[in-house]
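Worksheet: the structure to be examined is printed underneath.
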């Protein structure tokens with residue numbers, strides 16, 4: 036055992052590496068001695084917030100994670116649900132916020148690479164990606180740079196892989212100025228019997244490292260980036276950002292799926308945060324085995340790398356496989372066919388110990404499970420933030436509000452041109468959203484809809500999957516419990532408007548520093564809200580990710596618990612879209628509008644304020660509205676469906692008009708002030724159209740589900756006109772909405 | 029009718045071409061880039077993707093794959109060869125087609141539907157009447173076709189320009205209608221014999237009506253019809 040760390044220096048280095056003094060003491064207690072340099076690095080990374088979830092783990096136990104269709108819940112690289120006839124979907128969302136805030140192209144690109152590896156590690160072929168992005172406002176050059184770089188990085192990586200990027204969302208708000216959010220979600224498809232676990236087992240089995248060489252890039256990415264706040268030294272951390280090679284990843288996908296198909300592997304894991312240390316120790320602890328790894332066997336990208344550097348490097352595009360010795364030749368032949376390096380770097384042992392050696396000399400020797408499982412679990416203090424009383428007491432209806440046809444029309448045009456609402460075409464035209472030929476609904480709709488099948492390779496099905504990611508951070512800032520529930524409800528609503536039955540979610544919980552009681556309270560409330568919504572809907576959380584320390588200069592981002600919702604369609608040909616379809620169709624509003632402009636895009640736009648209470652969410656009503664729409668879509672009654680969200684009913688109707696190239700005549704019969712009728716962001720509302728003949732059938736459904744409904748008017752003409760309130764031509768609507776993002780980016 | 033669809037490392041549209049061919053009732057099979065045997069195939073397709081990561085120059089490495097020598101011989105015998113997107117770039121690098129494909133004007137990847145006008149051409153892969161409009165998506169970062177003036181004159185004079193980008197109504201804008209900035213709005217060209225066809229748009233994406241449209245089918249059915257006549 037190499038004794039390369041003086042007992043008096045070890046505690047100091049431990050602190051530098053991010054371990055707290057009592058955490059260091061725990062390491063010493065586990066080992067019964069001073070750790071070696073390599074051991075200290077390995078523990079510090081595995082016990083970092085990013086790898087250990089030490090601050091969030093207890094709260095996350097609130098999530099319901101089970102269901103009849105759940106084949107794999109949280110705990111593996113991704114969750115998996117069965118979708119019928121032996122097909123299964125693996126999916127997960129993950130953050131890559133901190134790297135992207137420093138180097139947006141590579142940060143976002145490697146975020147995509149990491150989440151895709153999580154998917155094919157499960158044995159699934161990646162079939163779709165989504166991304167959820169948050170930046171500061173685009174009037175700042177730095178924010179334009181981050182946004183353009185992140186979009187280019189997502190496209191640059193995903194396009195090369197041939198995995199379509201089919202959806203997502205983006206918001207711009209000052210709260211994200213110092214700390215952008217890049218949350219990447221990916222879905223994969225497999226046959227149930229191909230479900231694979233990242234587990235090492237069988238003493239004497241071989242550990243095979245597949246893919247890229249290992250360098251010093253990304254050393255400490257998880258601990259130095261993801262587990263700290265940003266300050267003026269952020270730029271110095273650029274070398275900690277990994278660099279992606281999507282071509283290598285494409286080869287890895289094909290090779291790994293072939294290795295799994297041919298049943299050549301015992302287990303497969305990917306090297307993500309904390310590199311080999313994390314993937315090897317997690318695989319060993321799942322299998323209750325030990326590992327013996329020789330770093331001199333690892334193909335190095337640079338000279339004179341130290342053992343600890345090999346063990347914690349975050350060089351991208353590497354996979355770790357465990358296999359029986361008899362399969363080695365066949366497995367290496369598959370790797371070679373795909374032009375991939377594969378190297379035996381160690382063996383599985385029955386000692387339960389993770390041994391790292393440099394040739395003959397042992398440089399680390401510890402119980403494998405302690406790395407992955409013995410990190411301290413904290414119960415952080417939580418305090419309701421002081422600002423909440425002030426914002427929640429604010430009554431935005433007391434402000435001056437625009438009135439009259441011209442003023443309200445101008446607000447609608449301004450909302451349509453808001454970067455938070457306008458067309459996302461500038462983004463999704465940079466993404467290959469069609470490859471694999473499963474994209475039934477192109478980007479720009481409520482949810483992405485894909486058909487399920489091994490298109491071009493094997494069996495096809497009539498089933499489909501609808502996916503949406505959502506979170507309005509302003510609502511979460513004003514009330515984290517309600518805001519998180521609305522994130523869930525809106526994601527479900529989007530899936531439902533496309534015809535999907537919500538089946539399961541993944542989440543990416545983006546928050547500030549959990550060691551601050553006020554931040555942790557918002558985290559805890561969000562998790563509680565999300566859990567309660569999941570239980571009410573019977574929709575489990577099957578995977579997810581927590582990203583803390585999203586702060587800059589001491590100020591946290593809005594609490595942003597992003598929800599990635601996956602729904603299933605039994606018959607994908609029955610999917611629904613938002614566009615108005617035919618002149619004369621009847622326009623219904625299901626649900627009810629209240630004067631709820633707290634936290635709305637309208638309030639921010641007209642008064643520059645993010646305050647008040649977020650809209651109320653009644654989970655029973657939400658479920659009933661969604662059930663009505665699903666029934667209407669499946670019965671073929673609904674010709675279009677689109678949910679009301681940012682910008683309210685007026686924006687929803689404008690989007691339906693623009694998408695369909697048809698106008699509408701609307702009569703607003705509520706007794707609210709006009710600004711509220713048009714722009715309130717009341718929840719649980721969906722605009723549905725039917726043919727005149729089917730209108731009564733929709734009414735019957737609404738009555739059966741006991742939900743409020745209104746006939747708003749009819750589809751037709753060249754204008755969207757709200758009788759006596761406002762009216763705008765389709766051309767005007769489109770002129771505001773379509774090029775707004777390009778215009779915002781062109782501003783100098 | 030049996031298509032061979034070549035897989036280079038980094039190809040990613042090979043399964044889409046297979047699906048398109050199957051949808052139209054044709055047989056189609058993968059051909060590994062290391063293979064040197066194209067026997068049994070009536071036509072060869074080089075699919076889209078990022079062969080070898082497109083790291084040096086699109087198609088610059090793939091043209092040296094073992095299969096390419098055989099593709100060149102196959103084309104030399106008059107065998108029909110289709111290069112889609114990255115496949116077009118590879119055909120240009122292999123000198124089976126003239127010219128080169130530069131980065132898009134605007135320097136951004138573009139994935140969207142394009143309107144294409146069928147030109148009067150000698151291409152064996154298309155027999156829609158000249159002037160027909162086809163809506164087929166493009167999906168590339170390097171689709172900005174360029175060649176010297178002499179080559180352009182020859183392409184135009186020989187009827188080797190097969191498809192041009194145009195506006196949705198079929199007109200061509202003064203400043204050019206190619207979203208990628210391609211010379212003379214060129215979207216697809218063929219060789220002097222008409223059997224080798226390269227285009228940037230992805231016809232295989234618009235064959236199955238469940239996922240977009242059917243305007244791409246014309247390209248696969250044209251060659252199948254022609255081969256059936258020859259036999």
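Chains as they are written, first to last, in this note's numbering: chain P, 36 to 783; chain F, 29 to 259.
Ideal Cβ placement from N, Cα and C applies to all residues, glycine included.
Taking residue i and residue j to be in contact with their CB atoms under 8 Å, please state how far apart those CB atoms are, rounded to whole angstroms.
{"i": "residue 306/P", "j": "residue 355/P", "result": "6 Å"}
{"i": "residue 703/P", "j": "residue 715/P", "result": "Actually they do not touch by this definition, with Cβ atoms about 11 Å apart."}
{"i": "residue 165/P", "j": "residue 579/P", "result": "14 Å between Cβ atoms; not a contact."}
{"i": "residue 326/P", "j": "residue 390/P", "result": "7 Å"}
{"i": "residue 106/F", "j": "residue 223/F", "result": "5 Å"}
{"i": "residue 190/P", "j": "residue 139/P", "result": "With 8 Å as the limit, residue 190/P and residue 139/P do not qualify as a contact, their Cβ atoms being about 12 Å apart."}
{"i": "residue 220/F", "j": "residue 191/F", "result": "In fact, because the Cβ distance is near 17 Å, the residues do not count as touching under 8 Å."}
{"i": "residue 87/F", "j": "residue 46/F", "result": "About 21 Å; that fails the 8 Å criterion."}
Closest by CA to residue i, which one among the options?
{"i": "residue 724/P", "options": "324/P, 143/P, 773/P, 734/P", "result": "734/P"}
{"i": "residue 689/P", "options": "633/P, 615/P, 139/P, 79/P", "result": "615/P"}
{"i": "residue 69/F", "options": "204/F, 34/F, 165/F", "result": "34/F"}
{"i": "residue 669/P", "options": "610/P, 649/P, 727/P, 708/P", "result": "610/P"}
{"i": "residue 187/F", "options": "206/F, 154/F, 207/F, 170/F", "result": "154/F"}
{"i": "residue 649/P", "options": "513/P, 297/P, 174/P", "result": "513/P"}
{"i": "residue 483/P", "options": "471/P, 489/P, 504/P", "result": "504/P"}
{"i": "residue 139/F", "options": "169/F, 210/F, 73/F", "result": "169/F"}
{"i": "residue 476/P", "options": "256/F, 237/F, 253/F, 251/F", "result": "237/F"}
{"i": "residue 349/P", "options": "146/P, 297/P, 520/P, 644/P", "result": "146/P"}
{"i": "residue 117/P", "options": "77/P, 143/P, 92/P, 159/P", "result": "159/P"}
{"i": "residue 591/P", "options": "547/P, 633/P, 621/P", "result": "547/P"}
{"i": "residue 141/P", "options": "371/P, 644/P, 279/P", "result": "279/P"}
{"i": "residue 75/P", "options": "47/P, 371/P, 338/P, 95/P", "result": "47/P"}
{"i": "residue 342/P", "options": "310/P, 318/P, 364/P", "result": "310/P"}
{"i": "residue 589/P", "options": "777/P, 156/P, 213/P", "result": "213/P"}
{"i": "residue 556/P", "options": "277/P, 340/P, 423/P", "result": "423/P"}
Please work out which residues of its chain come closer than 7 Å, Cβ to Cβ, to residue i, disregarding the five sequence neighbours upstream and downstream, and give them in chain order.
{"i": "residue 743/P", "result": "626, 627"}
{"i": "residue 480/P", "result": "533, 612, 613"}
{"i": "residue 358/P", "result": "240, 241, 243, 299, 300, 301, 366"}
{"i": "residue 229/P", "result": "158, 295"}
Grab me the residues of residue i's own chain with a C-beta within less than 6 Å of its C-beta, minus the 5 sequence neighbours each way, in chain order.
{"i": "residue 98/P", "result": "566, 576"}
{"i": "residue 729/P", "result": "672"}
{"i": "residue 682/P", "result": "450, 456, 636"}
{"i": "residue 126/F", "result": "175, 179"}
{"i": "residue 427/P", "result": "648"}
{"i": "residue 206/P", "result": "169, 455"}
For residue i, list the residues DSSP reports as bridge partners.
{"i": "residue 166/P", "result": "203/P, 219/P"}
{"i": "residue 410/P", "result": "According to DSSP, residue 410/P bridges with nothing at all."}
{"i": "residue 127/P", "result": "221/P"}
{"i": "residue 57/F", "result": "32/F"}
{"i": "residue 677/P", "result": "722/P"}
{"i": "residue 109/F", "result": "72/F, 224/F"}
What in chain C is Cβ-close to residue i, meaning under 8 Å?
{"i": "residue 778/P", "result": "You won't find chain C in this structure, because its protein chains are P and F."}
How would you label residue i, buried or exposed, when you count the other beta carbons within 10 angstroms and need 16 or more for buried?
{"i": "residue 247/F", "result": "buried"}
{"i": "residue 184/F", "result": "exposed"}
{"i": "residue 29/F", "result": "buried"}
{"i": "residue 414/P", "result": "exposed"}
{"i": "residue 242/P", "result": "buried"}
{"i": "residue 89/P", "result": "buried"}
{"i": "residue 75/F", "result": "buried"}
{"i": "residue 385/P", "result": "exposed"}
{"i": "residue 108/F", "result": "buried"}
{"i": "residue 509/P", "result": "buried"}
{"i": "residue 749/P", "result": "buried"}
Excluding five sequence neighbours on each side, which residues of the same chain lie with their C-beta closer than 8 Å to the C-beta of residue i?
{"i": "residue 448/P", "result": "763, 767, 768, 771"}
{"i": "residue 230/F", "result": "41, 44, 76, 112, 113, 164, 165, 166, 167, 244"}
{"i": "residue 445/P", "result": "437"}
{"i": "residue 289/P", "result": "373"}
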